[in-house]
Every structure is written in C-alpha cells, then in structure tokens.
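What follows is a short report on a single structure.
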Amino acid sequence: MNRRHLLALIVTLPLAAGSSRFSPAAPLDKVMAKGVLRIAVYRDNPPWSWRAEGKLIGIDVDIGRALAEKLGVKPEFMELTADENMDDDLRNAVWKGSILGEPVADVMMHVPHDREFGLRNDMAVLTAPYHRESFALACDPARTDCRGTLVDMAGSAIAVETDSVPDFYLTGAFGGRLRGDVVHHLTPAAALVDLTEGTAGAAMATLAQVERGLAGKAKGLVIRRGPFPGLLKQGWDIGLAVKTDSRDLGYRLEDVMAGLLADGRIAGIFADHGISHMPPGA
C-alpha cells in the first residue's frame with residue numbers, strides 16, 4: 107500500500123473542500139440497467155492492480171471481476187492515480203470526480219476501513235471488507251538477527267520505501283537507534299530487490315508487498331510478521347467504498363462479498379497471486 111493510503115489511517119488529515127457540483131452516483135438499479143459496474147482500482151499498485159504487457163491484472167482486479175460476475179453485469183475499470191491522501195482518492199474515485207472531468211466509479215476497491223476516516227468522509231460509505239493487511243519484515247538470517255528484537259538488527263541495512271510508514275517507524279522508534287541503518291527506495295518493490303540481491307540485510311513493507319517481492323527469490327530469506335513494538339497501526343481492513351446515495355449498491359455488494367468470502371473464492375484469488383489472505387477483522 108502506498109504511503110498516502112497508510113498515512114490516512116495514522117494521521118487525521120482535513121477533508122478536502124467540497125463542492126455542490128457532485129458527480130451523479132449509480133445506484134443498484136442503474137448499474138443493472140446499464141449492465142456495467144464501473145470499478146476504481148489503483149494504478150501501478152502490485153500485487154493489487156497493475157498492468158503487465160498491457161493487461162490490467164491483480165488481486166483487486168480479479169475481485170472486481172468476481173463482484174461484477176455475481177451481479178450479472180460487465181466490469182469496467184477506472185485506473186486511479188493516488189493523490190496526496192486517501193481523502194482525495196475517495197473524492198476523485200467515488201463522489202465528485204477528478205479535476206480532469208473523469209466520471210466517478212460505481213465502487214472503489216482497496217479502501218482502508220478506519221472509523222475516523224469513514225466519519226470525516228461523509229459523502230462515501232465504506233462497505234464489504236475483504237482482507238486484513240499488516241506489515242512484515244523480510245530479512246536474511248545470514249546477514250542480520252531475524253528473530254531477536256528489532257534493535258538487534260542495528261548495523262545491518264534495512265530497506266524501505268521513502269516516506270512510508272515503515273520508514274517513519276524504523277527511523278523514529280527505539281530512540282532512533284536504527285535511523286542510520288535505513289536505506290530509502292522509491293517503491294517497496296525496489297526495497298525488496300535490495301534484500302534479494304544481498305545489498306540489504308532486511309526490508310520492511312506490507313505483508314502482501316513482501317510476499318510478492320520475495321516470490322521465487324526467497325533463498326532462505328525469513329518473513330517476520332508483527333506485532334512490531336511501538337507501531338500504532340498493526341493491521342487494518344481493506345474493502346469497498348460507494349457514494350452515500352448508492353447505499354443500495356453497497357448493501358448488495360456487501361452480500362456478494364460475504365458469499366465470495368464464505369465459498370473460498372476470495373482466498374483462492376489471493377492464492378493465485380501467491381499472497382496470504384487474512385479474513386477481515388482477524
């Protein structure tokens with residue numbers, strides 16, 4: 107998950123100024139009538155949604171297709187470029203639209219389900235959580251102590267995405283004792299390459315990012331899950347969001363998602379991408 111999305115869970119940011127000119131939402135009957143469910147997914151956000159050889163793929167893409175299939179409509183994807191914070195993303199994707207005039211989606215994928223975030227974004231409704239995400243630390247036991255306390259890793263390079271929650275956490279925790287060991291990269295994927303190529307002794311990102319980054323490259327590397335001492339948000343649910351006047355669509359999607367979770371299809375989608383699925387609320 108991009109730092110903008112995670113910071114929305116940790117820091118209370120002001121809601122962007124509203125407007126009376128909101129984009130029209132598509133309640134359930136309109137979605138069914140047009141035969142299309144317009145789904146917002148993040149651009150360049152592996153393993154959730156990204157393009158490979160021109161084709162849009164990822165966990166969120168597959169779940170979106172499954173939702174549309176269960177509704178009996180066709181999926182149409184809107185690729186969303188992450189803005190400065192999650193509030194802006196929700197506005198652009200669900201209830202107002204971007205300044206470029208792109209129409210809103212009927213539903214947005216990969217929305218953090220956080221009480222404060224939901225309360226301050228009253229133009230949208232959070233619904234149908236489908237996964238619980240968390241952080242993980244991947245490390246090379248030949249280069250650093252992977253099982254002791256994090257402070258025991260001092261002296262070994264730890265790769266992170268610049269300005270991400272792992273970056274803030276590792277540079278600020280334990281009296282800053284690990285600050286000099288943190289190595290910054292533009293993306294979580296690049297941080298994990300630093301580990302798999304032997305430049306860094308460890309890397310920290312979300313569990314999904316870690317599992318994708320190590321796929322086929324583990325070579326004895328260890329994945330250490332939380333809890334991590336002093337980290338405010340150890341885990342968070344991700345789910346859907348619809349515009350507030352599309353609640354009937356949200357209710358229907360919630361029922362559909364519950365069925366997909368119960369019959370194992372969601373877990374199967376995660377498995378297809380080599381990512382561990384954790385039920386929401388776990």
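Under our numbering, read the sequence shown as residues 107 to 388, first letter to last. Glycine included, C-beta positions come from ideal geometry on N, C-alpha and C.
Quick one, which of G254, P386, E175, L338 has its alpha-carbon nearest G141's?
Out of G254, P386, E175, L338, E175 has the C-alpha closest to the C-alpha of G141.
Under 8 angstroms between the Cβ atoms of F183 and G170?
Against a cut-off of 8 angstroms, the Cβ pair of G170 and F183 comes out as a contact.
What number of angstroms, rounded off, separates the C-alpha of S155 from the C-alpha of T233?
Computed Cα separation, rounded: 20 angstroms.
Under the three-state reduction of DSSP, which class applies to L338: helix, strand or coil?
Coil, per DSSP.
Burial state of V200 (16 or more Cβ within 10 Å)
Classified as buried, V200 has 16 or more neighbouring CB atoms from the shown chains inside 10 Å of its CB.
Opposing strand residues paired with N151 [DSSP bridges]:
In the DSSP assignment, N151 is bridged to S155.
In the DSSP output, what is S382 paired with across the bridge?
Within the DSSP secondary-structure output, S382 pairs in no beta bridge.
What residue range does the alpha helix (DSSP H) around E317 cover?
Note, E317: alpha helix (DSSP H), 313-320.
For D246, is the classification buried or exposed, using 16 other Cβ atoms within 10 angstroms of its Cβ as the cut-off for buried?
By the 10 Å Cβ count, D246 comes out buried.
Compare the C-beta of F241 with all C-beta atoms of chain D and state if any pair is closer than 8 angstroms.
Included in the structure is just one protein chain, with no chain D present.
Please classify G340: is it buried, with 16 or more other beta-carbons within 10 angstroms of its beta-carbon, or exposed?
A small correction: the amino acid at residue 340 is Gln; Gly does not occupy that position in the sequence shown. Burial state of Q340 is exposed, judged by a 10 Å Cβ sphere holding fewer than 16 other Cβ atoms.
Looking at the strands, I want to know which residues DSSP matches up with A347.
Note: A347 sits in a beta bridge opposite M214, L232.
Can you name the start and end residues of the alpha helix (DSSP H) that K176 belongs to?
165-177 is the span of the alpha helix (DSSP H), which, as asked, contains K176.
Within the present structure, is the beta-carbon of L143 separated from the nearest heavy atom of the ligand FMN by less than 7 angstroms?
The ligand FMN is not among the ligands present in this structure, which contains no ligands whatsoever.
In the structure shown, what three-state DSSP assignment does S129 receive?
Note on S129: pLDDT 47, under 50, position unreliable in the model; no value is reported.
L134: which of L186, L327, G322, D351 sits nearest, CA to CA?
Taking the Cα of L134 as reference, the smallest distance to any Cα among L186, L327, G322, D351 is reached at D351.
Tell me the DSSP bridge mates of I329?
Answer is A244, bridged to I329.
Which of the three DSSP states is assigned to K161 in this structure?
In the three-state scheme derived from DSSP, where H, G and I count as helix and E and B as strand, K161 is classed as strand.
I believe Y236 touches I329 by the beta-carbon criterion, under 8 angstroms. Please report the beta-carbon distance rounded to the nearest angstrom.
The beta-carbon separation of Y236 and I329, rounded to 22 angstroms, does not stay under the 8 angstroms limit for a contact.
Out of A211, P335, G278, point me to the one whose CA is closest to Y148's CA.
Out of A211, P335, G278, the CA that lies nearest to the CA of Y148 is found in A211.
Limits of the unbroken beta strand (DSSP E) element including L186
For L186, the enclosing beta strand (DSSP E) covers residues 180-186.
So P152 packs on R318, CB below 8 angstroms; how close in whole Å?
That belief holds up - the Cβ atoms of P152 and R318 are roughly 6 angstroms apart, short of 8 angstroms.
Using the C-alpha atoms, what's the distance from G278 back to G254?
For G254 and G278, the distance between alpha carbons rounds to 19 angstroms.
Go to E190, then tell me how far its alpha helix (DSSP H) extends in each direction, as first and last residue.
It is not in any alpha helix (DSSP H) - E190 carries neither H nor E in the DSSP assignment.
Proximity to P335 [Cα-Cα], best of V348, Y275, R358, R283:
For P335, the nearest C-alpha among the options comes from Y275.
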